[in-house]
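Each residue of the sequence shown is one higher than the last, beginning at 1 in this note's numbering.
Using N, Cα and C, we set each Cβ at its ideal position, and we do this for glycine too.
Worksheet: the structure to be examined is printed underneath.
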Amino acid sequence: MRKIAIIFGVTGQDGAYLSRLLLKKGYSVHGVKRRASSLNSYRIDDIYSDPLIKKNNFFLHYGDVTDSLSVFNLIKKIKPTEIYNLAAQSHVAVSFEIPEYTTNADALGTLRILESLVKLDQKIKFYQAGSSEMFGKVVETPQNEKTPFYPRSPYGVAKVYSHWITINYRESYNIFASNGILFNHESPLRGDTFVTKKVVKALCKIKYKKQKKLFVGNIYSKRDWGHAKDYVTAMWKILQYKKPEDFVICTGKQYTIKQFINMVAKKLGMPIFWKGKGLNEKAYDKNKNCIIECKKKYFRPAEVDTLKGDYSKARRLLKWKPENDINSLIDDMISYELDTILK
């Protein structure tokens with residue numbers, strides 16, 4: 001019997017990689033996207049075809065996790081065996097500007113899916129996409145499944161709600177509902193406003209004189225970066241495990257944003273050097289042109305200084321480990337940007 005998956009948030013980076021993975025495994029995949037006046041499905045255009053023209057196992061539906069009725073009706077109509085909730089307002093800095101919408105989508109959106117699942121079919125397996133931002137002002141390093149949460153943004157707070165409501169429904173209704181606490185994961189498909197994509201794209205453009213300068217925020221924030229295509233494999237493995245559990249997914253290694261910038265520049269053959277301190281710290285190229293500046297507008301109201309995970313539970317129970325390190329991740333991202341720039 002063919003498995004049927006619903007992916008809420010299918011047009012994002014993770015949705016695109018997860019769709020490809022599930023299709024390779026023989027699933028029928030139903031992606032849910034919000035209605036927008038501009039096309040935002042470029043990440044999945046290569047796997048989608050109009051069912052009136054060509055039949056395949058990938059289907060798109062309009063829906064929104066902020067709309068209870070659309071969530072309920074989609075689950076009722078599709079009758080999935082698995083649901084992956086990747087839908088979110090996922091930009092941490094933006095969550096300070098639109099906290100109410102972030103909470104509606106990222107916290108209550110999860111509740112709407114769980115309520116629908118309980119009412120329609122309690123045998124459906126459910127995956128909730130958590131975030132390392134839930135750890136926020138960390139109380140221990142590295143962070144694992146037992147580390148207390150201390151979120152430092154509306155986004156992080158909303159994700160903590162989603163985490164605990166998933167556990168609450170699992171314990172209350174005996175459903176297969178699991179949380180994946182995923183640390184930062186990047187790819188060529190990352191959105192342009194996220195720092196890794198922003199850095200890679202800008203430095204590629206600066207190298208080929210298509211951009212003059214990059215503006216960044218706190219370059220001393222430390223993050224645990226992995227590749228999204230590894231992390232969607234972990235999502236799938238979480239729902240294939242013999243019982244519902246919560247898992248930290250990460251690489252166990254961390255780098256500052258400044259280190260990440262230096263690695264990208266080195267791979268592009270762009271010698272840079274830094275001068276100054278704090279907001280006055282700047283990076284210069286070999287001709288002493290300033291190409292990177294720190295700007296206060298890119299700092300968060302409450303900073304998360306360090307995140308580093310421990311995936312030993314996933315390694316032990318799921319037999320999962322990251323296949324890509326930060327070097328192969330950067331290579332992948334640079335290759336994509338150069339292909340785009342040099343077309």
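The closest CA to that of F215, considering only Y155, V248, V195, is found on V195. The C-beta distance from K213 to C290 rounds to 7 angstroms, short enough to meet the 8 angstroms contact threshold.
It is roughly 34 angstroms from the alpha-carbon of A88 to the alpha-carbon of N280. Contact between V304 and K137 holds, with the beta-carbon distance rounding to 7 angstroms and staying under 8 angstroms.
Residue pairing by DSSP places T233 in no beta bridge whatsoever. The beta carbon of P148 lies closer than 6 angstroms to those of V139 in the same chain, with the five residues before and after it left out. A distance of 9 angstroms or more separates the beta carbons of Y161 and D230.
Residue state for Q128 is assigned as strand, using DSSP reduced to three classes.
Every alpha helix (DSSP H) stretch that sits fully inside the stretch 160-232 and reaches 4 residues is listed by chain position as 195-207. Shown here, I98 sits in coil according to DSSP, grouped into three states, outside any helix or strand.
Counting C-beta pairs closer than 8 angstroms gives fewer than three between the stretch 317-337 and the stretch 117-132, which falls short of the contact rule. Looking at the backbone, the Cα of K243 and that of V65 are separated by about 26 angstroms. Under the three-state reduction of DSSP, Q259 is assigned to helix. Note on geometry: alpha-carbon atoms of A234 and G252 lie some 15 angstroms from one another. Three or more Cβ pairs closer than 8 angstroms define a contact, and the stretch 162-181 meets that threshold against the stretch 106-120.
With a cut-off of 8 angstroms on Cβ pairs, the stretch 152-160 is not in contact with the stretch 191-205, counting fewer than three such pairs.
Comparing alpha-carbon positions, the option among I219, K77, M263 lying closest to S328 turns out to be M263.
Rounded to whole angstroms, the gap between the alpha carbons of G278 and Y101 is 33 angstroms. Taking a contact as a CB-CB distance under 8 angstroms, the pair F8 and I165 does not count as one, their CB atoms being some 15 angstroms apart.
In this structure, F58 keeps its C-beta atom at 9 angstroms or more from the C-beta atom of I75. The DSSP-derived three-state label of N324 is coil. Cβ-Cβ separation between Y284 and F273: approximately 6 angstroms, consistent with a contact (criterion under 8 angstroms). Y84 is bridged by DSSP to I7, Y127. Per DSSP, L23 is one residue of the alpha helix (DSSP H) stretching across 13-24.
Exclusion of the five residues before and after F260 leaves no residue of its chain whose Cβ lies closer than 6 angstroms to its Cβ. Taking 9 angstroms as the cut-off, the beta carbon of I257 is found closer than this to the beta carbon of S221. Contact annotation: Q13 and R190 have beta-carbon atoms nearer than 9 angstroms.
Rounded to the nearest angstrom, the gap between the Cα atoms of T340 and R170 is 45 angstroms. Under the DSSP assignment, L60 falls in the beta strand (DSSP E) whose first and last residues are 58-62.
M1 is classed as exposed because its beta carbon has fewer than 16 other beta carbons within 10 Å across all chains shown. Distance from the CA of A158 to the CA of Y150, rounded to the nearest whole angstrom, comes to 12 angstroms. The C-alpha of S95 lies about 10 angstroms from the C-alpha of R300. Between the alpha carbons of D310 and K198 lies a gap of roughly 27 angstroms.
Between I47 and L23 the beta-carbon gap is near 7 angstroms, inside 8 angstroms, which marks them as a contact.
In this structure, the alpha-carbon of R315 lies about 6 angstroms from that of K321. Taking the C-beta atoms as reference points, I167 is found nearer than 9 angstroms to N179.
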